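Asks: Below are the structure tokens for one structure; questions will follow.
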Amino acid sequence: MRFLERERATMKKLLPGLDESLREVPLMELEGPSTPGIRLFRDSGGPGLLAPTSYQGQGATAVDALRVQRALGSRSPSLAVAATIHHFSMATLVGLVSASNDGPEWMLVEGVASSNRLMASGFAEGRPGAGLLSPSMTAAQGSDGVGISGVTRPYSLARSMDLLITSVMVPRVDGRGEELAVALVPAESEGLSVSGEGAGNEQVTLDDVLVPPELLVRTADVDGQLDVLLTAGFAWFQLLMTGSYLGAASALVERVLLDNRIPESERVRLLVKIEGAMSAAEGVARRIDDGSPDESTLADSLYVRYCVQDILSRVVPRAVELPGDLDVMASDEVGHLAACANGLILHPPARSQMTGPLAAYLADGPLTIA
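In terms of my numbering, the sequence shown is numbered consecutively and its last residue is 606.
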């Protein structure tokens, strides 16, 4: 069947063996607490998907990455969401490398990609154009680096991460006030702890964790471009999260398309809606691939994300209803996929919070994220 053929072919090319491995594991096992999904993702080279090939990564374009995320979401929604968190961090780090003129950050990208290390994100929701981030971490200058303290909830990967990437206000080197920086904190660092159970409740606490200078990227190190780079990172986040949830919904649609008992008119109606949503997302991906994503790209990624939410709110219930399957196992899987596919509305920034900021942006103001 041609449905999802392009997406799965892209994943097979960039992450060999992953689709086949995931297909062999029952859905509810993949989505359970003892899931082998993270291991399979690592083994296929998933952490290096967005890293350039010159740094031992896969060198995926935004269009490639979107397709991979949709394919991944169709096999394991929870893994797709976790992968998005990592890719957001990687996209931000790759941007820092590009802006720092061959600074030491390239070693971090290469280390993550070559060793298949996973990064969790500790970024707070930000304010593009007015200082993109609102750091939740505090810092104190020491003789060997910066001591960072604070609490963050990185959505997922808290217990699987090798690195935490987060924003922090640090003392300026010249002693005049503070400046925004991005810190990479190894998971095994003394003073870092994880508490809580489940992706939505896990909390990472940093208690005066020492971050050496080589793992701290200051605003001055990237010629004042940090806001621009993080705006691009947030555009990546919206795009790949949209693709992940499109994948979960696509798994439901795929079941409908394979069921010859359902009238062709109903099957084609679902197909048109969900492929239209994917085409809109690919438009944003192509904008990212065409050049450095700017404020308008981030705005477009939000428009498409909210549009996709509306489409999924109509597609998912119909895809659940049409088969009328009373088989217990199938019913459990369908119920889980339906719940997952509706999860896009839970990720920041919520549409209700963005009504005012988007209206102000359309009236020629800066784009702010509430």
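Here a beta-carbon is modelled for each residue, glycine too, at the ideal position from N, C-alpha and C.
Note that the structure is a prediction, hence the values are computed from the model and not measured.
1. Scan the region 361 to 428 and note each continuous beta strand (DSSP E) run of 3 residues or more that stays entirely inside, going in chain order.
2. For the putative contact between T320 and L476, defined by C-beta atoms under 8 Å, what is the C-beta separation to the nearest angstrom?
3. Whose C-beta lies closer than 8 Å to the C-beta of V544 among residues of the same chain, with five residues either side of it excluded?
4. Let me know the secondary structure DSSP gives D444 once reduced to three states.
5. Roughly how many angstroms separate the alpha carbons of A611 and R259, rounded to a whole number?
6. With respect to the alpha helix (DSSP H) encompassing R238, which residues constitute its N-terminal and C-terminal limits?
7. With V544 as the anchor, note down where its alpha helix (DSSP H) starts and where it stops.
8. Which residues bound the beta strand (DSSP E) around L452?
9. Bridge partners of M355, per DSSP?
10. Suppose contacts are defined by Cβ-Cβ distances below 7 Å. Is A296 in contact with V345 by that definition?
11. Using C-beta distances below 6 Å, list every residue in its chain close to E500, excluding the 5 sequence neighbours before and after it, in chain order.
12. Give every residue of the same chain whose Cβ lies closer than 6 Å to the Cβ of L266, excluding the five residues on either side of it in the sequence, and list them in chain order.
13. For Q589, does the three-state DSSP call read helix, strand or coil?
14. Suppose the cutoff is 7 Å on Cβ atoms and the five residues either side in sequence are ignored; what does the same chain contact list for A301 look like?
15. Can you tell me whether G527 is buried or exposed, with buried defined as 16 or more other CB within 10 angstroms of its CB?
16. Considering Cα atoms alone, identify which of L276, P448, I510 is closest to R353.
17. Helix, strand or coil for R431? Go by DSSP, reduced to three states.
18. Contact defined as beta carbons within less than 8 Å: I believe I401 pairs with M373. What is the distance between those atoms, to the nearest angstrom?
19. Taking the alpha-carbon positions, what's the P283 to P559 distance?
20. Are the CB atoms of S280 and G253 within a distance shorter than 7 Å?
21. In the structure shown, what three-state DSSP assignment does Q292 receive?
22. Less than 8 Å between the CB atoms is what I'm expecting for L488 and D380, so what's the real figure, rounded?
23. Quick one: what's got a C-beta closer than 6 Å to F473's C-beta in the same chain, skipping five residues either side?
24. Cα separation between L240 and T604?
25. Looking at S270 and the ligand ADP, is the gap between the Cβ and the nearest heavy atom below 6 Å?
26. Return the Cβ separation of S549 and R306 in integer angstroms, given the expectation that the two are a contact with Cβ distance under 8 Å.
27. Measuring straight from C-alpha to C-alpha, what distance separates A366 and E531?
28. Going by DSSP, what residue range makes up the alpha helix (DSSP H) through L614?
29. Using beta-carbon positions only, say whether L420 and L399 come within less than 7 Å of one another.
Replies: Taking the definition as stated:
1. 374 to 377, 382 to 388, 399 to 407, 414 to 422
2. 4 Å
3. T478, Y481, L482, A513, A516, A517, L580
4. strand
5. Residue 611 falls outside the range modelled here, since the chain spans only 237 to 606, and no answer is possible.
6. Run containing R238: none; DSSP gives neither H nor E here.
7. 531 to 557
8. 452 to 454
9. L399
10. no
11. none
12. G273, S312
13. helix
14. L285, L286, H323, L476
15. exposed
16. L276
17. Note on residue identity: the sequence assigns Ser, not Arg, to residue 431. Strand at S431.
18. Not a contact, Cβ separation roughly 11 Å.
19. 36 Å
20. yes
21. coil
22. Rounded, the Cβ-Cβ distance is 52 Å, inconsistent with contact.
23. F324
24. 35 Å
25. With respect to the ligand ADP, the structure shown offers nothing to examine, as it has no ligands at all.
26. Actually they do not touch by this definition, with Cβ atoms about 18 Å apart.
27. Summary for A366: the model assigns pLDDT 40, below 50, so the residue's position carries little reliability; its value from the coordinates is reported in the next sentence. When rounded, the distance between both Cα atoms is 12 Å.
28. Nothing can be reported for residue 614, as the shown portion of the chain is limited to 237 through 606.
29. yes
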